[in-house]
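Here the structure comes first, spelled out in structure tokens, and everything after it is commentary.
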Amino acid sequence: MTAYILQRLIQSVLVLLAVSIVVFLAVYGIGDPIELLVPPQVSAAERAAMIRRLGLDLPIWQQYLSFLGNALQGDLGRSFVHGIPAVDLILGRLPATFELVFLAMSLAAIVGVPLGLLVGLNPESRVSRAIMAGTILGFSLPSFWKGMMLILLFSVFLGWLPTAGRGETVSVLGIPISLLTLNGLKHLTLPALNLAIPNMALMIRLVAAGTAEAKTQDYVKYARAKGVRSKRIVGRHILRNILIPVVTVAGMEFGSLVAFSTITETVFAWPGMGKLLIDSIYQLDRPVVVAYVMLATLLFVAVNFLVDVLYAALDPRVKLTGEMA
Amino acid sequence: MTSPLLDVRGLKTVFHDLAGSWPAVDGVDLVVKPGEIVGLVGESGSGKSVTGFSLVQLIDAPGEIVAGDVLFNGEDLRQASEERLRSLRGDRIAMIFQDPLMTLNPVLTIGEQMCEAILEHRSCSREEAMKEASHALSRVGISSPDARLKQYPHEFSGGMRQRVAIATALLNKPDLIIADEPTTALDVTIQSQILFEVQKLSRETGTAVLWITHDLAVVAELADRVAVMYAGRIVETGTVDDVLDRPRHPYTLGLLSSSAATVAPGERLKQIDGAAPSIDARPSGCPFRPRCGRSLPLCAQIDPPAQVQADGHSYRCHNPVTEGSAL
Chain A
244 MTAYILQRLI QSVLVLLAVS IVVFLAVYGI GDPIELLVPP QVSAAERAAM
294 IRRLGLDLPI WQQYLSFLGN ALQGDLGRSF VHGIPAVDLI LGRLPATFEL
344 VFLAMSLAAI VGVPLGLLVG LNPESRVSRA IMAGTILGFS LPSFWKGMML
394 ILLFSVFLGW LPTAGRGETV SVLGIPISLL TLNGLKHLTL PALNLAIPNM
444 ALMIRLVAAG TAEAKTQDYV KYARAKGVRS KRIVGRHILR NILIPVVTVA
494 GMEFGSLVAF STITETVFAW PGMGKLLIDS IYQLDRPVVV AYVMLATLLF
544 VAVNFLVDVL YAALDPRVKL TGEMA
Chain B
429 MTSPLLDVRG LKTVFHDLAG SWPAVDGVDL VVKPGEIVGL VGESGSGKSV
479 TGFSLVQLID APGEIVAGDV LFNGEDLRQA SEERLRSLRG DRIAMIFQDP
529 LMTLNPVLTI GEQMCEAILE HRSCSREEAM KEASHALSRV GISSPDARLK
579 QYPHEFSGGM RQRVAIATAL LNKPDLIIAD EPTTALDVTI QSQILFEVQK
629 LSRETGTAVL WITHDLAVVA ELADRVAVMY AGRIVETGTV DDVLDRPRHP
679 YTLGLLSSSA ATVAPGERLK QIDGAAPSID ARPSGCPFRP RCGRSLPLCA
729 QIDPPAQVQA DGHSYRCHNP VTEGSAL
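For the record, the sequence lines run as chains A and B. First residue of the first sequence: 244, per the numbering used here; consecutive thereafter. First residue of the second sequence: 429, per the numbering used here; consecutive thereafter.
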């Protein structure tokens with residue numbers, strides 16, 4: 244186990260290093276932030292001073308090395324636009340995104356797993372066919388369009404829910420949370436639903452496929468021959484066996500939603516990390532974009548590690564060892 | 429004569445497909461008395477496993493039980509409710525499956541899988557159930573049972589898993605155990621140990637056993653009576669001595685002649701020519717006729733009915749084997 248964790252740590256560092264090079268080059272290629280940052284009426288001398296202050300006069304490899312040196316000390320640079328450390332800026336937006344994604348994934352699991360079981364157990368029924376048709380819609384409707392339709396239906400026509408923003412928050416341990424106020428919850432509902440729908444579809448399909456396969460296995464017939472009630476066969480024998488792919492996908496989806504729920508956050512003007520990323524790319528705020536991608540990578544590495552540990556807990560045949568590929 | 433524990437009459441189980449319905453079990457009559465070990469013998473595809481599952485009404489679509497009575501202690505299981513069947517399965521009628529590697533759930537502990545067999549039928553605490561499970565494991569020769577209960581199936585060998593299945597079957601002291609080729613997947617030494625244990629346990633607990641197998645040697649060693657199955661029907665039945673020593677049906681004789689135990693060393697094993705008819709191509713009349721060396725013109729026209737002799741030995745043949753005759 245210790246050898247395994249050590250190996251994973253080394254792998255993670257290598258991944259972070261590779262990503263930092265790629266993102267640094269890519270951000271460099273997007274455009275020159277000076278054009279956006281410096282007002283046109285500024286004199287040439289002031290302009291040159293500003294370039295020097297931001298370190299943009301150095302060749303790219305020197306910029307990268309100084310970034311790397313600072314990063315090793317936990318400093319991922321200051322935002323060109325806001326003037327505060329990029330990490331602080333991003334982490335300040337994290338709670339908003341996190342609660343949005345948390346709600347979305349919970350919805351996806353709470354709705355997706357039971358519906359998936361229902362479909363997997365009676366794949367031929369009318370209800371199952373309708374659900375499966377619905378999942379195709381859930382997958383294929385583009386996020387921005389679905390978001391606008393949700394606003395149109397629930398906010399404009401029905402007037403039940405607000406269109407945008409975060410609403411009231413309460414502070415828990417210094418972190419603002421809107422899940423705990425009614426107003427905040429109302430603001431959360433639509434963007435969370437928008438994020439949840441494709442994941443619900445994914446969960447339904449995963450669980451349905453797993454159930455359809457598991458229910459024909461000998462161990463299910465054997466459990467029936469032992470007189471086990473069907474509730475327990477489904478809830479214990481089948482569900483335990485299909486949980487592994489579900490946990491994998493849920494973990495990966497959680498990571499990617501936290502990092503890249505940009506479209507939904509933009510449509511609903513949700514003040515989360517995704518909105519920040521889009522704004523920073525528009526403003527060529529290089530340090531924020533680089534720091535963002537680094538943090539997202541870190542998140543993925545962490546989530547994947549967590550999923551592997553969960554595997555070992557779920558499947559007794561999985562042993563975490565250093566020799567694993 | 430004691431009243432039968434299990435009395436099956438005219439059982440017929442078919443499988444449906446787009447082209448029609450095909451009988452896998454075609455009018456089976458079978459009797460098992462309390463405490464008796466009955467061997468159900470046949471080739472692959474003869475319908476013996478389907479018969480076993482039909483007895484406990486565990487036939488899923490596209491299969492369907494379409495005719496016959498399954499009387500268990502006088503109660504017709506075909507008329508029983510699903511809940512009534514559930515309460516019988518694993519409690520009064522236990523099953524042991526063919527492949528021990530597939531029948532245990534890989535992600536649940538042995539203890540949980542044994543305990544549920546108790547807890548679904550009786551109200552007792554989990555600790556008591558665990559204690560019973562532990563006792564059952566030691567009875568089938570598994571050492572340090574308490575530690576074993578906490579383990580998962582992949583930590584057991586095939587033979588050990590089948591012992592677990594036998595121990596599980598015994599938990600509720602059932603009246604009948606249906607064992608579907610339980611030793612086929614095991615090697616020969618393990619096989620004879622398990623046969624010995626089942627026989628011993630059956631004697632001790634008074635549990636009747638229906639042992640489904642393709643292996644006549646196993647039946648000779650284990651059973652009191654034997655039923656030989658061919659193409660979905662019982663073609664010969666009687667005591668082990670009657671059927672194996674004085675077979676009347678040419679198919680039984682063929683099976684016996686192709687068994688290694690009956691042939692002198694160095695001699696070639698005999699085999700029955702041809703193959704068992706597939707479910708959608710059963711011949712008219714007697715289904716064994718195309719492979720039979722003793723067939724008569726009559727055999728093509730009329731499916732021979734069962735002829736019961738005074739000693740209970742019965743067979744379905746127009747031209748039965750007499751003592752000393754060969755195929």
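All C-beta atoms, glycine included, are put in the ideal place defined by N, C-alpha and C. Bear in mind that the values here come from a model prediction, so they are computed numbers and not experimental data.
Give the DSSP bridge partners of residue i, in chain order.
i, result
"residue 472 of chain B", "None; residue 472 of chain B has no bridge partner."
"residue 375 of chain A", "Its beta-bridge partners do not exist; DSSP assigns none."
"residue 500 of chain B", "B:434, B:503"
"residue 523 of chain B", "B:606"
"residue 494 of chain B", "According to DSSP, which records beta bridges pairwise, residue 494 of chain B is partnered with nothing at all."
"residue 307 of chain A", "DSSP output for residue 307 of chain A lists no bridge partner at all."
"residue 661 of chain B", "B:658"
"residue 636 of chain B", "B:604"
"residue 458 of chain B", "B:436"
"residue 443 of chain B", "B:450, B:491"
Compute the beta-carbon to beta-carbon distance between residue i and residue j, rounded to the nearest angstrom, for a pair I have assumed lies under 8 Å.
i, j, result
"residue 466 of chain B", "residue 652 of chain B", "7 Å"
"residue 650 of chain B", "residue 639 of chain B", "6 Å"
"residue 455 of chain B", "residue 440 of chain B", "6 Å"
"residue 489 of chain A", "residue 446 of chain A", "7 Å"
"residue 654 of chain B", "residue 611 of chain B", "With a Cβ gap of about 16 Å, residue 654 of chain B and residue 611 of chain B do not count as contacting."
"residue 442 of chain B", "residue 494 of chain B", "5 Å"
"residue 605 of chain B", "residue 625 of chain B", "Rounded, the Cβ-Cβ distance is 12 Å, inconsistent with contact."
Use the C-beta contact count for residue i: other C-beta atoms within 10 angstroms, 16 or more gives buried, fewer gives exposed.
i, result
"residue 272 of chain A", "exposed"
"residue 373 of chain A", "exposed"
"residue 632 of chain B", "exposed"
"residue 665 of chain B", "buried"
"residue 741 of chain B", "buried"
"residue 554 of chain B", "exposed"
"residue 552 of chain B", "exposed"
"residue 430 of chain A", "buried"
"residue 635 of chain B", "buried"
"residue 567 of chain A", "With a pLDDT of only 42 at residue 567 of chain A, under 50, the local geometry of the prediction cannot be trusted, and the value read off the model is given with reservation. Label assigned to residue 567 of chain A: exposed."
"residue 543 of chain A", "buried"
"residue 517 of chain B", "buried"
"residue 582 of chain B", "exposed"
What number of angstroms, rounded off, separates the C-alpha of residue i from the C-alpha of residue j?
i, j, result
"residue 355 of chain A", "residue 297 of chain A", "49 Å"
"residue 463 of chain B", "residue 502 of chain B", "16 Å"
"residue 275 of chain A", "residue 393 of chain A", "38 Å"
"residue 600 of chain B", "residue 548 of chain B", "11 Å"
"residue 708 of chain B", "residue 457 of chain A", "29 Å"
"residue 643 of chain B", "residue 550 of chain B", "36 Å"
"residue 695 of chain B", "residue 682 of chain B", "16 Å"
"residue 366 of chain A", "residue 376 of chain A", "12 Å"
"residue 457 of chain B", "residue 347 of chain A", "59 Å"
"residue 686 of chain B", "residue 701 of chain B", "11 Å"
"residue 462 of chain A", "residue 534 of chain B", "9 Å"
"residue 716 of chain B", "residue 476 of chain A", "42 Å"
"residue 560 of chain A", "residue 530 of chain B", "15 Å"
"residue 505 of chain B", "residue 483 of chain B", "8 Å"
"residue 580 of chain B", "residue 592 of chain B", "11 Å"
"residue 659 of chain B", "residue 371 of chain A", "38 Å"
"residue 719 of chain B", "residue 703 of chain B", "8 Å"
"residue 514 of chain B", "residue 545 of chain B", "11 Å"
"residue 559 of chain B", "residue 572 of chain B", "13 Å"
"residue 438 of chain B", "residue 724 of chain B", "26 Å"
"residue 434 of chain A", "residue 405 of chain A", "10 Å"
"residue 491 of chain A", "residue 518 of chain A", "27 Å"
Going by the CB atoms, is the gap between residue j and residue i shorter than 8 Å?
i, j, result
"residue 412 of chain A", "residue 420 of chain A", "yes"
"residue 340 of chain A", "residue 531 of chain A", "no"
"residue 678 of chain B", "residue 749 of chain B", "yes"
"residue 322 of chain A", "residue 528 of chain A", "yes"
"residue 470 of chain B", "residue 588 of chain B", "no"
"residue 352 of chain A", "residue 534 of chain A", "no"
"residue 577 of chain B", "residue 538 of chain B", "yes"
"residue 557 of chain A", "residue 486 of chain A", "yes"
"residue 387 of chain A", "residue 506 of chain A", "yes"
"residue 344 of chain A", "residue 503 of chain A", "no"
"residue 733 of chain B", "residue 745 of chain B", "no"
"residue 427 of chain A", "residue 448 of chain A", "no"
Examine the ligand ADP and report whether any of its heavy atoms sits within less than 7 Å of the Cβ of residue i.
i, result
"residue 482 of chain A", "This structure lacks the ligand ADP; in fact it carries no ligand of any kind."
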